[in-house]
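Undergrad: Following this message is one structure expressed as structure tokens.
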């Protein structure tokens, strides 16, 4: 009987303040969507690091006037290095083919470049990409080397951008969470005020604190769960429509987001939404009802 009463009061409370309930659900769903997106981005950056760092290459560009002896010395130094996993030599013609592939959408630019404009180079993959500094010191003073470029420096800049986006989404999610908490608190206060006489009577007849608070707390929990479900739906649709659809071209940069990671967001968002709503409602009632 008590459970039936509590559940009935939850439904009545949600409907009585329907506009504030809707506002609370929308705000909660937006903040949880931002939270889920930032968590997914964090997980995706880790996946990208694992995928890209394993294929990082060090590019060693050679001078145009390099002699055969200097080239042989460089090749020998790379081969003898204990830090190197494998190497490949790229001729001017190979470099031109790579350039033409990368800039295939700009034919005028491609036509302006010939093989003689591009340097010969070695493409070296290290056993541990973090040993780039040590490897560079081994060979940078050899004659005939024009420039040594570590691809990890470029990747770090890309990941810094992703980390900045992640931080920005967390900040936005934080602001939205504060707004959601205030709405939860206000909604519970309004609900408690509208039932102040019933609450007073229940206190007089000896009703326990949890029995008085339960309907209000459950109202907030239900709103939080609905907001979490809407946030999850928004994430899943965005993944299918945008990343798997219109923005599929970004697959050359972004590794695919596993559906399992997106599904994992449902229990995460539901847990956060329910817990935050319940705690906020309970704290509000402790101060407002003095029970």
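Residue numbers (our numbering): -6 to 284.
Just so you know, even glycine gets a beta-carbon here, dropped at the ideal spot from N, CA and C.
Here the structure is a predicted model, which means the values were calculated and not measured.
Please state whether DSSP places residue 244 in a helix, a strand or coil.
TA: Residue placement at residue 244 is poorly supported in this model, since its pLDDT is 49, which falls under 50; the coordinates are not used for a value here.
Undergrad: Across the region 28 to 39 and the region 214 to 232, are there enough close Cβ pairs to call them in contact, namely three or more that are closer than 8 Å?
TA: Yes, they touch.
Undergrad: Specify, as a first and last residue, the run of the alpha helix (DSSP H) that residue 294 falls within.
TA: Given a span of -6 to 284 for the chain in the structure shown, any question on residue 294 remains unanswerable.
Undergrad: For residue 157 and residue 210, I'd like the C-alpha separation in whole angstroms.
TA: When rounded, the distance between both Cα atoms is 36 Å.
Undergrad: What is the DSSP secondary structure of residue 50, counted as helix, strand or coil?
TA: DSSP places residue 50 in coil when its eight states are reduced to three.
Undergrad: Comparing alpha-carbon positions, which option in 115, 96, 119 lies nearest residue 83?
TA: Of the candidates 115, 96, 119, the one whose C-alpha sits nearest the C-alpha of residue 83 is 115.
Undergrad: Can you tell me whether residue 113 is helix, strand or coil according to DSSP?
TA: Residue 113: coil per DSSP, three-state reduction.
Undergrad: In angstroms, rounded to a whole number, what distance separates the CA positions of residue 103 and residue 110?
TA: Answer to the nearest angstrom: the Cα atoms are 11 Å apart.
Undergrad: Keeping to the same chain, check which residues put their C-beta closer than 7 Å to that of residue 25; ignore five residues upstream and five downstream.
TA: Answer for residue 25: 220, 221, 224, 262, 265, 266, listed in chain order.
Undergrad: By DSSP, does residue 97 sit in helix, in strand, or in coil?
TA: Three-state result, residue 97: coil.
Undergrad: Where DSSP assigns a beta bridge to residue 80, which residues make up the other side?
TA: Its beta-bridge partners are 117.
Undergrad: Nearest to residue 155 by alpha carbon, out of 37, 81, 16?
TA: Minimum Cα distance to residue 155 is reached at 37.
Undergrad: By DSSP, does residue 284 sit in helix, in strand, or in coil?
TA: Legend: pLDDT at residue 284 = 46, less than 50; position of this residue unreliable, value from coordinates given subsequently. Reduced to three states, the DSSP call for residue 284 is coil.
Undergrad: Leaving out five residues before and five after residue 66 in sequence, what residues of the same chain have Cβ atoms less than 8 Å from its Cβ?
TA: So the qualifying residues of the chain are 135, 136, 137.
Undergrad: Name the DSSP beta bridge partners of residue 55, please?
TA: DSSP output for residue 55 lists 138 as bridge partner(s).
Undergrad: With a threshold of 16 other CB atoms inside 10 Å of the CB of residue 168, please say whether the residue is buried or exposed.
TA: Exposed, because fewer than 16 other Cβ atoms sit within 10 Å of the Cβ of residue 168.
Undergrad: Let's test the definition: count the other Cβ atoms within 10 Å of the Cβ of residue 133 and tell me whether it reaches 16, buried, or not, exposed.
TA: Exposed is the call here.
Undergrad: Please tell me whether residue 277 and residue 17 are closer than 9 Å, where the distance is taken between their beta carbons.
TA: Result no, Cβ atoms of residue 277 and residue 17 do not sit closer than 9 Å.
Undergrad: Bridge partners for residue 143 per DSSP, in chain order?
TA: Its beta-bridge partners are 51.
Undergrad: Compute the distance between the beta-carbons of residue 269 and residue 217, then report whether it is under 9 Å.
TA: In contact: residue 269 and residue 217 (Cβ atoms closer than 9 Å).
Undergrad: Return helix, strand or coil for residue 24, following the three-state DSSP convention.
TA: Residue 24 falls in the helix class under three-state DSSP.
Undergrad: Along the chain, where does the alpha helix (DSSP H) that runs through residue 72 open and close?
TA: Counting along the chain, the alpha helix (DSSP H) containing residue 72 begins and ends at 61 to 73.
Undergrad: Starting from the C-beta of residue 29, find all residues in its chain whose C-beta is less than 8 Å away, skip the five residues before and the five after it, and write them out in chain order.
TA: Once the five neighbours on either side are set aside, the close Cβ partners of residue 29 are 224, 225, 228, 258, 261, 262.
Undergrad: Could you name the residues of the same chain whose beta carbon sits closer than 8 Å to that of residue 74, not counting the 5 residues immediately before and after it, in chain order?
TA: 128, 131, 132, listed in sequence order.
Undergrad: Do you know whose CA, among 53, 164, 236, lies nearest residue 27's CA?
TA: The candidate whose alpha carbon is nearest that of residue 27 is 164.
Undergrad: To the nearest whole angstrom, what separates the beta carbons of residue 118 and residue 78, a pair I think is in contact under 8 Å?
TA: Correct: roughly 5 Å between the Cβ atoms.
Undergrad: Can you tell me whether residue 174 is buried or exposed? The criterion is at least 16 other CB atoms within 10 Å of its CB, across all chains shown.
TA: Classification for residue 174: buried.
Undergrad: Report all residues from its chain with a CB closer than 7 Å to the CB of residue 143; omit the five preceding and five following residues, and keep chain order.
TA: Answer for residue 143: 51, 125, listed in chain order.
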